[in-house]
Amino acid sequence: MKSRQAKVGAAPGTMVHVGERMADKTSLRVVTYNAAEVKTWPLRDSAEGIAESIGQGITWINVDGLHQVDVVTALGREFNLSALVLEDILNTDHRPKLEVHDDFLFIVVKMLVPEPARDSFRVEQLSLILGDTYLLSFQESERDVFDAVRQRITIGKGRIRQSGPDYLAYALLDAVVDNYFLVLESISTELEHLEEALLTAPGPSDLHRFHSLRREAILLRRIIWPVREALAGMTRDDSPLIKPETRVFFRDVHDHAVQAMDIVESLRDLASSLLELHLSRNSQRMNETIKVLTLIATIFIPLTFIAGVYGMNFEFMPELRWSWGYPLVLLFMLGVAVTMLLYFKRKHWL
Amino acid sequence: MKSRQAKVGAAPGTMVHVGERMADKTSLRVVTYNAAEVKTWPLRDSAEGIAESIGQGITWINVDGLHQVDVVTALGREFNLSALVLEDILNTDHRPKLEVHDDFLFIVVKMLVPEPARDSFRVEQLSLILGDTYLLSFQESERDVFDAVRQRITIGKGRIRQSGPDYLAYALLDAVVDNYFLVLESISTELEHLEEALLTAPGPSDLHRFHSLRREAILLRRIIWPVREALAGMTRDDSPLIKPETRVFFRDVHDHAVQAMDIVESLRDLASSLLELHLSRNSQRMNETIKVLTLIATIFIPLTFIAGVYGMNFEFMPELRWSWGYPLVLLFMLGVAVTMLLYFKRKHWL
Amino acid sequence: MKSRQAKVGAAPGTMVHVGERMADKTSLRVVTYNAAEVKTWPLRDSAEGIAESIGQGITWINVDGLHQVDVVTALGREFNLSALVLEDILNTDHRPKLEVHDDFLFIVVKMLVPEPARDSFRVEQLSLILGDTYLLSFQESERDVFDAVRQRITIGKGRIRQSGPDYLAYALLDAVVDNYFLVLESISTELEHLEEALLTAPGPSDLHRFHSLRREAILLRRIIWPVREALAGMTRDDSPLIKPETRVFFRDVHDHAVQAMDIVESLRDLASSLLELHLSRNSQRMNETIKVLTLIATIFIPLTFIAGVYGMNFEFMPELRWSWGYPLVLLFMLGVAVTMLLYFKRKHWL
Amino acid sequence: MKSRQAKVGAAPGTMVHVGERMADKTSLRVVTYNAAEVKTWPLRDSAEGIAESIGQGITWINVDGLHQVDVVTALGREFNLSALVLEDILNTDHRPKLEVHDDFLFIVVKMLVPEPARDSFRVEQLSLILGDTYLLSFQESERDVFDAVRQRITIGKGRIRQSGPDYLAYALLDAVVDNYFLVLESISTELEHLEEALLTAPGPSDLHRFHSLRREAILLRRIIWPVREALAGMTRDDSPLIKPETRVFFRDVHDHAVQAMDIVESLRDLASSLLELHLSRNSQRMNETIKVLTLIATIFIPLTFIAGVYGMNFEFMPELRWSWGYPLVLLFMLGVAVTMLLYFKRKHWL
Amino acid sequence: MKSRQAKVGAAPGTMVHVGERMADKTSLRVVTYNAAEVKTWPLRDSAEGIAESIGQGITWINVDGLHQVDVVTALGREFNLSALVLEDILNTDHRPKLEVHDDFLFIVVKMLVPEPARDSFRVEQLSLILGDTYLLSFQESERDVFDAVRQRITIGKGRIRQSGPDYLAYALLDAVVDNYFLVLESISTELEHLEEALLTAPGPSDLHRFHSLRREAILLRRIIWPVREALAGMTRDDSPLIKPETRVFFRDVHDHAVQAMDIVESLRDLASSLLELHLSRNSQRMNETIKVLTLIATIFIPLTFIAGVYGMNFEFMPELRWSWGYPLVLLFMLGVAVTMLLYFKRKHWL
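Chains as they are written, first to last, in the working numbering: chain S, 2 to 351; chain U, 2 to 351; chain R, 2 to 351; chain X, 2 to 351; chain Y, 2 to 351.
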């Protein structure tokens, strides 16, 4: 939320990059293809004249890194994107959504990029502009989850080369949503490990891990819920930009988003149940500890008192002179201890 | 979620079996029947030419085990199933749903197979393809809950032999949902046992069993909710594949799913209430224990101190020489103890 | 849920009584009436020919006890009830609902029969078949809440004799819903008693009563919610079986069901609030107890230690020989105690 | 809920007063007015012939006290109210609602009458019958919140005298809803006081006050929610009894009810947050107390043991004869104490 | 809620300022502009004749301070605002809403004005009257978040000078909603700080800060939810006062309000999770403390008892005379301590 302050009261369409800088520089990867051939263009730094230079067929322009605002706006001008759309693309904090414009669809979703090193994941925004013959994708860094899609285009596997940019958009969104499951799976595994740890030998760091899992679940919920809505919009929407035969694929990816949402909810429920269980266990253990303390203290404190009495140095304490005084006191102490034990037995504390 | 990783970015319709392997091999059980006769075909390993070889009447093809992807896809080709449908059938992780296609309905539900040994149940996916004269059912292992249905077909009891594949689909779904009640019933019984255990003599393993019950309830909720939705879709849908006279039966099974959902919610509420009760009891018991400890300690610690004072070895301690010193001290101690007891009495601690 | 197992996979319309047997035998009470006269028929064991023998006017057939499946099904045949309807009538576990059939309405609700002895209530299912000139009511035992309605028919008070079976159905449902309020009222009173008990002198049995109250609230919620839905259906439905002038009465009973639901929700909220309050009180009390223990222990343990030091038997302990040793030590002890007390004062523990 | 029992199974329209008796006797206050003049009639005990005796203009009949059932029903007969409506008016337990009849609207809401003595409020039912030229209002006692409205009629301030009975109904409902804010405000203030009390010096009575605040919030929620619904109905409804120019006023009072509901929800959330905070504070304080106890006990108990050892009376204890025995033991004790303190320091307990 | 009491029963349109007085006096800032020029009028105290004196183009009249009721009503008369609208403007307690009138739209929202000194924010009401050529804005003090908008008008940047008052209204609302994010951001940062504080070294003041954060979140929820609704109304509404080309901007600001709501919900969830974590940590720490206490007490109390026994002064205690008595007792004590330690080891307490 770095640049938020700068935007308050600013004119709409004020081009400000909101978010962290994740790439060295903003660069464009262009691929044009049709059923017959694929052409991968060299990496570019500038969007000048890109709209004319691309020929027939489908064009996919992928933008990595959004901090060079001028490159992004230049590309926007080439494809007649409105200032509001460009502003939303540059605001990497944006809520996932679908906007239907006259000659393109504007889709904002979130990619989850797993970070095995930190045992966590990073959230990146992916914005798609789906036109009649082109697809523009804007992402925050070079890392993405689209390698398999690129390969499918290159080797022409499946129907991707025969279909339009709507199918390409589907392929990208499908990769994004499929990736959610990998993250959910790792959270689920982590939760199971934590469950074991919490129930057998809980340490303070376990609770910390637990809290960060819940934080992740809250974040995922906030991300997946609107993504689901946006995808639902694409299955319902009657824009001519999505062909009827592609619509069934969007329904499929929407199904997956719904299932991801289900899993997030289950994880939340499981986490709550687990925490309650942990608290119950804790209170049970504390109860036991206190019982042991009470037992020992309640038996020995009176005995120590008796010993203390006969340790007093009064001159006139007749018991001290009796030959049977010592054994009698020991017997009396034994009696007290046994009585106490019997009392606890009856209270079911032993 | 084993094969999830392989699917990220893969083309739709990439045939991958997602899930555990539960059967030795994939085999097909074929039954054809009409009002007059029933024909049970021998067990088959391959789907080659199966569509032609089946004759008039209703055909039910049941597939056990989904890991041999080629057998399943061959059967799919015979009945013109699209790649997306086959992919969903093979993904045993799929969310229950109803899909209306042009010439068939595609239904995904979950079967609960009780496992008495583990005092739990296993979840298996059941996919149904309901065509005009055929029903395909795909399940993960040979074990299922359809023996009674098979018998009804064989002996021709009820209207099953007079009706179409829609009625057969109903019969299968009804068996699936009826089975939910058996599982819910056993969970309910288990919860009652736990209630007694937790309230009389709670042990750590009780809490563990409690947690696994809640986990089961969360899972059931995730399963039954979309099953209910799918069944609601079948009562609403005006597809010609479900005959008007069968629709009332689907309404019946939908009613049962709604009731199962109600019971799951009640179980969750009961479990929450029980846990809160358990925590209250625990805190009450701890309170009592601490009270006993406090009582004993508060009475004897001051007395022990007094005894300690007169156990000091100072040469000039005049009290030690008094003839009445000892009984006076004992009396004083008694006074302190009685005062303390009266104080506790007034505080309602006794 | 006794006979559930038998029903898995069974053909729909398999007549099995699900539930407890509550009556000695299944018997029929028949009343026919019109504005002019009332005829109460003798108690019958069989439904043979009952449809023909009844004449003009309105007929109310009340069935007590459902375990004699043949009697119920015979009656069903007389009035052309479908197998699915009969199956639902016999399943006393059924969810409340309204089903609109071509020539009758089928209503399932739950009666609450207070059991003062157990300080609780019993749930019984009431199924109504509302035809154009007849009303069939099926209940599990002879006990019901309809005595006042019977009287109104007999003495012809109000409009009941002038109206059709729809008004009779209303009268029965109104009695059922009015009875909910008696149960809710007694739960409410019990909750108030518990509140007092929990807040003044909580015992373990209070918590148990509390838990069973919550269990009852959960049950009531599960019952009243769908009853409300079914009644809403009757106010909305445009079936000719409910005359326009009766519809306003159904709206009235629906209003009552909504209010009953409101009360159940309030009871749940109150119970939650009460439990939280109880836990707060408990934790506060425990805190106080522990404070007293800490106070006494923290003051006397150091003093006892000092006494212990001068109780040691070393030969060379110069203090023991001082004339002022004893009073000085006593003074020192006093000083330690006062310091401690002042410290606690500053900590606001006193 | 006194007379509930009497009503179970009773015919609809059975006139029974349900609720507490709050007025000495049932009396009628009649006001007729038009733009030109106002006529206040003497207080009446009976409704006989009231409909004819009132002339032109708008008539407002206010009934105070509902326990004299005959007076209320007589009035009802004068204005052709149906038995069901009269029954609902007499049942002061009724849920707020709007009923559209052919020639009048029937509105039930709840008045909150603040009771400063008990630091609480009383709930009274207000029923309105809005006809084309008259408004009937039924309330449980003479106390109401309508004095300002009466004054506005008398002095002819604002548009009240120029408008119809719909505007009068609005004026009354507006006064009722405005009064909710006074009650909400006092609850809000009380909650703030409690917050301070709970966080600085909580006593058992605070918790009790807290619980009764929550109970009030639950009650208010149950009251305001349906009042809001009823008012929403009046803004939506296209009955000719509410003139288009008055509808905007009903929208205004509906807005206020929505806001009152918002405040109730916020109060509930605040109360929950507060209780959680209180429990956290409590657990933190208990933790501190236990730490102090543990510290003192852990330091002095071992020391006391050492002193006890050298207080033993064995004849052969060489240390007792050493000249340096005493100081060495004291040094050793000091060492133990310091070690303990360092250990606690490292554990961050000090 | 100061003047609430005065309003109960008052005629609608009774002009009373509800709320705190935040400005010295009520003053009007008038700006008229069109594409060609901007005219800023001198500050005025009175609204007399303001409607005529303003010429062609767009007029924005901003009112600062609402306590001088006569100034506000005079302005209202100039622009023909109804009494109800003026009343709502003066009631700074009002719920955010959109009202569609015949010749203007009436919008009420809340501004959040950050107060860095108190580390908090202040809520102020902003009311907008959007006419065909004018925009009236009413705010409680001179401080606002519109400086950037004023500058855009002055320097003619962006399309603001080319557009109508609807665009100006959008610009103001956008500034208001953008400002929400600044407040949310600071709450989010504060929560993170608290998280660290609570998890490492919690103090009582942390909990207090935590509670005030939750209180702020509850307040924000109550504010943003209806603002979102009002903005949704503006995107849906087909009033001619909002031009089609401006509607897309309102959709944009609505999107932002939805996202702000999402963030509020996440903050609530995070806060809940954090508090639960804190309680878990606390209970875990208490458990550890009690364990240490129990360990020490359980080991040394029995030893002290033994020492006490041999400190008794009986004349006939044969052990005291044995040469090996002392070392044997020490050995025995060691044995007891070791046994205890082994027992705790086995219990996994060490």
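We treat Cβ as the ideally placed atom computed from N, Cα and C, and that holds for glycine.
Presumed contact (8 Å Cβ cut-off) between residue i and residue j, rounded CB distance
i, j, result
"Ala218/Y", "Arg286/Y", "About 27 Å separates the two Cβ atoms, so there is no contact after all."
"Val109/U", "Tyr171/U", "Val109/U to Tyr171/U, Cβ: 16 Å. No contact."
"Leu271/X", "Leu192/X", "6 Å"
"His279/S", "Ser274/Y", "The pair is not a contact, with the Cβ atoms about 14 Å apart (cut-off 8 Å)."
"Val73/S", "Phe122/S", "Contact flag wrong, Cβ pair sits at about 25 Å."
Element boundaries [beta strand (DSSP E), containing residue i]
i, result
"Thr41/S", "39-41"
"Arg30/R", "28-34"
"Ser138/Y", "135-140"
"Met88/R", "The residue asked about is misnamed: residue 88/R is Glu in this sequence, not Met. Careful: Glu88/R lies outside any beta strand (DSSP E), inside the alpha helix (DSSP H) at 84-91."
"Val123/X", "Correcting the residue identity first, residue 123/X is Arg in this sequence and not Val. It spans 121-131 - the beta strand (DSSP E) in which Arg123/X sits, taken as one unbroken run."
Continuous alpha helix (DSSP H) stretch holding residue i: start and end
i, result
"Pro166/S", "166-201"
"Ile307/R", "245-310"
"Ile161/Y", "It is not in any alpha helix (DSSP H) - Ile161/Y carries neither H nor E in the DSSP assignment."
"Lys346/U", "326-347"
Within chain S, the residues that residue i reaches when beta carbons sit closer than 8 Å
i, result
"Asp207/Y", "Result: empty, since nearest Cβ-Cβ is about 16 Å, beyond 8 Å."
Partner residues on chain R for residue i, Cβ-Cβ distance less than 7 Å
i, result
"Val9/X", "Val146, Ala149, Ala176, Asp179, Asn180, Leu183"
"Ile120/U", "The sequence given here has Asp at residue 120/U, not Ile. In chain order: nothing, as chain R lies at least about 17 Å away."
Partners in chain U for residue i, counting only beta-carbon separations shorter than 7 Å
i, result
"Arg215/R", "Ser274"
"Gly309/R", "Gly309"
Interface residues of chain Y facing residue i [CB-CB closer than 8 Å]
i, result
"Ser284/X", "Leu280, Asn283, Ser284, Met287"
"Ile291/X", "Met287, Thr290, Ile291, Leu294"
Per-residue contacts from residue i into chain S (C-beta, under 7 Å)
i, result
"Ser267/Y", "Ile219, Arg223"
"Asn81/U", "Result: empty, since nearest Cβ-Cβ is about 15 Å, beyond 7 Å."
Where residue i meets chain Y, residues with beta-carbon distance less than 7 Å
i, result
"Leu304/S", "Phe306"
"Ala298/S", "Ala298, Ile302"
Neighbouring residues, chain U, relative to residue i (Cβ below 8 Å)
i, result
"Asp167/S", "Ordered by position in chain U, no residue passes the 8 Å Cβ test against Asp167/S, which lies about 13 Å from the chain."
Interface residues of chain Y facing residue i [CB-CB closer than 9 Å]
i, result
"Asp253/X", "Pro13, Leu85, Glu88, Asp89"
Proximal chain R residues relative to residue i, where beta-carbon distance stays under 8 Å
i, result
"Ile161/U", "Ala12"
Should the segment 227-240 of chain S be called in touch with the segment 171-191 of chain U, which here means at least 3 C-beta pairs below 8 Å? The segment 227-240 of chain S, when compared against the segment 171-191 of chain U, does not touch it at the 8 Å Cβ threshold.
When the Cβ atoms of the segment 333-351 of chain U are set against those of the segment 295-307 of chain U, are three or more pairs found closer than 8 Å? Verdict: yes, contact present.
Could you pull out every unbroken alpha helix (DSSP H) segment of at least 4 residues lying fully inside the segment 44-113 of chain U, listed in chain order? Taking only runs of at least 4 residues, the alpha helix (DSSP H) segments lying wholly in the segment 44-113 of chain U are 51-54, 70-79, 84-91.
Please confirm if the segment 19-33 of chain U is in contact with the segment 100-120 of chain U, defined as three or more CB-CB distances below 8 Å between the two stretches. no
Any contact of the segment 82-99 of chain R with the segment 28-47 of chain R, i.e. 3+ C-beta pairs under 8 Å? no
Does the count of Cβ pairs from the segment 137-153 of chain R and the segment 59-67 of chain R closer than 8 Å reach three? yes
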